[in-house]
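Below you'll find the structure, written out as structure tokens, and then a few comments.
Residue numbers (this note's numbering): 69 to 123.
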């Protein structure tokens, strides 16, 4: 694994880099079609969307 990827994973897992602040939208798995449509049609307002597979 390249050092950049390893360093990034370590920064995220240790809490030095807060990725939660980048998530602007969370979708349930059954709404995956809506998630993709919104990500294409609403690019200015969606920074990072997450699709939840389970609770």
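C-beta: ideal position from N, C-alpha, C; glycine also.
If you're wondering where the values come from, they're calculated on a predicted model, not measured in any experiment.
Backbone CA spacing between residue i and residue j [nearest angstrom]
i, j, result
"residue 113", "residue 71", "32 angstroms"
"residue 69", "residue 77", "11 angstroms"
"residue 74", "residue 85", "13 angstroms"
Of the residues the options, the one placed nearest residue i, counting alpha carbons only
i, options, result
"residue 123", "102, 107, 96, 73", "96"
"residue 100", "87, 89, 118", "118"
DSSP beta-bridge partners of residue i
i, result
"residue 97", "None; residue 97 has no bridge partner."
"residue 120", "96"
CB-CB length for residue i against residue j, believed under 8 angstroms
i, j, result
"residue 91", "residue 120", "That pair is no contact at about 11 angstroms."
"residue 87", "residue 80", "6 angstroms"
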